[in-house]
Amino acid sequence: MVTTATGGAEQTLPSRTPGPPVQTLASREVFTALDASARGLTSADAAARQARFGPNELPPARRRSLWRELAGQFTDLFAVVLLVASAITFLAYGLQEPREVGTLQLAVAIAGVVVLNAGIGFAQEYSAERTAESLQAMVPHTCRVLRDGERQELPARDLVPGDVIVLEAGDAVPADCRLVEAHEVSVNNAALTGESDAVARTADPVPAGPVLEARNCLFMGTDVVAGSAKAVVFATGAATEFGGIFRLASSATRQKTPLQLQVASMARRVAGAALAIGAALFAVRLPAGQPFVETFVFSLGVMVALVPEGLPATLSVSLAIGVRRMARRHALVKQLLAVEALGSTTVVCTDKTGTLTQAEMTVVQAWAGGVRHPVSGVGYAPEGEVADPRPVGDLLRASALCSNARLLPPSADDGTSAPAEHRGWRVLGDTTEGALLVAAAKAGLDRAAEEAAAPRVAEYPFDSVRKLMSTVHDDVGRGYRAYVKGAPQELLARCTTIDWGGERRPLNEELRAAVIAANDELASQGLRVLAAAWRPVSGPRPAQEEAESELTLLGLVGMLDPPRPEVSDAVAACRRAGIRIVMVTGDHPLTAEAVARRVGIVTGPAPTVVTGDRLDALDDDALDRLLAVPGELLMCRVSPEHKMRVVNAFQRRGEVVAVTGDGANDAPALKHADIGVAMGASGTDVAREAAVMVLLDDSFASIAAAVRLGRSVYQNIRKFLIYLFSHNIAELVPILAATFAGFPLVPISAVQILAIDLGSDVLPALALGAEPPESDVMDRPPRSRRERLFSTAVMGRILFLGGIQALGVTVVFFWHVHASGIPYSDFTKHDLVYREAITMVQAGIVVSQFFNALAVRTDRQSVFRVGLLSNPWLLAAGGFGIALMAAISYLPPLQSLFGTAPLAASDWAVLAAFGALLLAAEEARKWWLRRPRATRPKGEAR
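The numbering used here applies: residue 89 is where the sequence shown begins, and numbers increase by one.
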């Protein structure tokens, strides 16, 4: 038995013979030691091992029990304040002589507010956690495995010890494994060691020692940054080195997002203001002859009612709703903060292939010896033909041999159980290489037969600096040959001869110009162009410089990746929204411009085109000046390092930058961007881990949809802030008016205010958080990143709406009191007229809040245009508040609790009229803002 001790646990691996530690073995001996085979495990053996070792996944993080999570709701600052207030009120009730039942009712009501908010907060957080878990499961985590002698793509959780996996640059290592083949492999072990520099790996045996230091082992959680390899798994799941670290990290406290911290800070300031207002009321009413305890209890109740205890929880719900909506639009958001940040995006740096296009490359032209050969057929199905294929046979053979992708046929079942993406021909690996394989098949080449005749013995993987990939083959009867493919400009510079009409000629200036002209002609048609070349080499492991110099050019291939049909509308929406779209691609400028024009990124006659070479020649100041010039901008032939530099330059200008990426080298730019967007279908594991948003369909249209939803989330947060705080004015103004008018009683009691908080605040605020985006949300400029939630416009709207509510209920109260003819000094809290008056104040606030909820649904657009019935949850929440108010008015037990009286139908009509007046005033304000710019007074802000 071979026992591999890891940092997490100990897995005992089956073995045919005892042997030394796995890292000390030669590659061929590793298979024996791990009871594996170079052809991979059989399906039956893999199933037996998974039953023994379990799935290759880390154990879920240990959660607090539900009771602990619920108890945690009572430790929040606002909950503590309310509990203290309730305790003080209970104490005041015990000290009163005679004891007032209203004081006891207030104490119970305050405690009820705490319990209700704790229940709502607990339910919201529990739901948000479960939603996040379910959405994370949508991100694909797959790996390439040899099973039953065939290369397959399987979920990473299905790996077992003894599996043979295939790794390439950009892959995340799915389990601890021992290399048996390695071609220029280097990995990033930052997840384990904290060192960000890539380290080389080898398949050769190393001396015994700690397995983590073995240069021939790879570990779960690390990333392949260069090269390609095969490895045999020796530890999975919790038994991996990463498993031990994960258990320590899983118990770490989750940090709040900056937006949540901003809202919590704002709520604390409001709580301080509530305390000050309560103290002021106490100071004003006490000299007026009110009993000390009664005045203190009332002021305390008003203060409690003004504390925004449910605001942070309501914010979380709004963000969680945004996450779910984005997931339905194929955009998985990994951090709640990203939902809000999307709304302020000003620049999108987008890839071309797969994001703007369909990522189904199809070779449509092959060029060799000065002649173009059209290729028919579309997509990955090898159906079509190459016109006169013999002259381009060597070109397509070299391109196919110098590729790591695999062309997979449709699923063998009837299609009912196969995933949708498996029901047609598909490519496992790079889509560009897949297109080359399809073209070779159309020319009659058998990939398997060619590989058998010329087995690969070495590889120099593609990197973004060389823009080339080379493989070395033992070409039977021809000796060792290097086949090279890559960017035409880079490859042409390394060629000294050319295959022209079946013979090798020196690549003179005339022929070089012919190649460049052919490349430009293909690129001008919007085609992506690759070149292929070859040379004989001295042995199976030539130096890279030898393999990639003095080459013979075989020809060019031009391939087309058609634009996604939905992208044009998405680009137009982003342009209307004031978002600048910059294409950042490694393709030829002519190809990039052709695609950009098709999707609407470029509409003018002369866009600014900047190549990677030009970027290298620009210092930071010159780059800043370039980006400051408005207009259409294309970045072509750029590397991931260039992309990172462009992101930094935009951010220096104060832009909020969203960046798309799919490769391992894109990870720095994705992490540094305000919004890193990775491709879910075609992207590497490294890119998906670095990004905060993953496009499950890889489409740019999903970015535009996410920006639209992000803007609506921020708007919804402001809507319920306006809704929550505007009615506080309506509660305070009548009290202040009564105090200064010399009225001996309060127009609304503390218990009534708490009833308003419970009945007409929480549910409508949650419903406003679910409000769908306004139709013109993408017709407005991006929000400044310095803009705060409580902006001048928000405060103005709170004062406007709250002022109307306050005016209405104050007028109603004094009108009802004055109409009775009773002098102010003769009123007691048991008078029917007084009970009716305070009932009208409470009902007036509840009814006006119903209309207020309708009014704040839109910022500028008329609510009648979006439809009064388009948010049924809001209507139901408002209807519940009014029904509760009716019960408080008419049911004797509640009349006794709140000191209310029945209202007449005419009273309800008056209150409804005031509510309708509020809605009409807000509609008039919106109409004023919607006026054409030319008709506004000069200098008026939009």
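Here a beta-carbon is modelled for each residue, glycine too, at the ideal position from N, C-alpha and C.
Beta-bridge analysis with DSSP links T450 to L648. Going by C-alpha positions, A757 is about 12 Å away from E777. If you compare the alpha carbons of A1001, E538 and E471 with that of S491, the shortest gap goes to E538.
Linking E875 to V801 through their CA atoms gives a straight-line distance of about 15 Å.
Annotated three-state conformation of G749 is strand, per DSSP. Nearest to R156 by C-alpha distance, out of Q111, A206 and T120, is A206. Take S131, set aside five residues on each side of it, and the residues of its chain with a beta-carbon closer than 7 Å to its own are R235 and D236, in chain order. The segment 928 to 1005 contains, as complete alpha helix (DSSP H) runs of 4+ residues, the segments 951 to 954, 960 to 978 and 980 to 986 (chain order). Residue pairing by DSSP puts G574 in a beta bridge opposite L556 and A619. Shortest Cα-Cα distance from V427 to any of S958, R799, L833 and G891 involves R799. Going by DSSP, K759 is part of the alpha helix (DSSP H) stretching over A755 to H760. Boundaries of the alpha helix (DSSP H) around N804: F788 to A829.
Exclusion of the five residues before and after F939 leaves G1003, A1004, L1006 and L1007 as the residues of its chain whose Cβ lies within less than 8 Å of its Cβ. Three or more Cβ pairs closer than 8 Å define a contact, and the segment 455 to 471 meets that threshold against the segment 524 to 537. Between R885 and the set G857, S913, T946 and P980, the nearest pair of CA atoms involves T946. DSSP, reduced to helix, strand and coil, places N276 within a strand of the structure shown.
Here I586 has R593, L595, L599 and L641 as same chain residues with Cβ atoms under 6 Å from its own Cβ, once five neighbours each way along the sequence are excluded. By the Cβ criterion, the segment 961 to 971 is in contact with the segment 852 to 863, since at least three pairs of Cβ atoms, one from each stretch, lie closer than 8 Å.
Just so you know, the alpha carbons of T310 and P870 end up roughly 38 Å apart.
Rounded to whole angstroms, G360 and V203 show a C-alpha spacing of 22 Å. Contact annotation, A317 with V273: C-beta distance approximately 5 Å; criterion of less than 8 Å satisfied.
Rounded to whole angstroms, G567 and P624 show a C-alpha spacing of 7 Å. Membership of P728 in any beta strand (DSSP E) is not indicated; the residue belongs instead to the alpha helix (DSSP H) covering P728 to R740. Between P835 and V929 the beta-carbon gap is near 5 Å, inside 8 Å, which marks them as a contact. When the beta-carbon positions are compared, V312 and V275 come within less than 8 Å of each other.
Taking a 10 Å sphere around the C-beta of E448, we find 16 or more other C-beta atoms and assign the residue as buried. Put simply, of D708, D675, V655 and D712 the residue whose alpha carbon is nearest the alpha carbon of G688 is V655. By the criterion of at least three beta-carbon pairs nearer than 8 Å, the segment 383 to 391 is not in contact with the segment 728 to 735. Looking at the DSSP output, L444 sits in no beta bridge, so it has no partner there. Per DSSP, the continuous beta strand (DSSP E) segment holding E256 begins and ends at V252 to E256. For R544, the enclosing beta strand (DSSP E) stretches over residues R544 to Y548.
Put simply, the segment 888 to 900 touches the segment 807 to 821. At least three CB pairs are less than 8 Å apart.
In the three-state scheme derived from DSSP, where H, G and I count as helix and E and B as strand, P695 is classed as coil. About 5 Å separates the beta carbons of P576 and N607, which is inside the 8 Å limit, making them a contact pair. Note on I910: under 16 other CB atoms within 10 angstroms of its CB, so exposed under the neighbour-count rule. Here the alpha carbons of A661 and D762 stand approximately 20 Å from one another.
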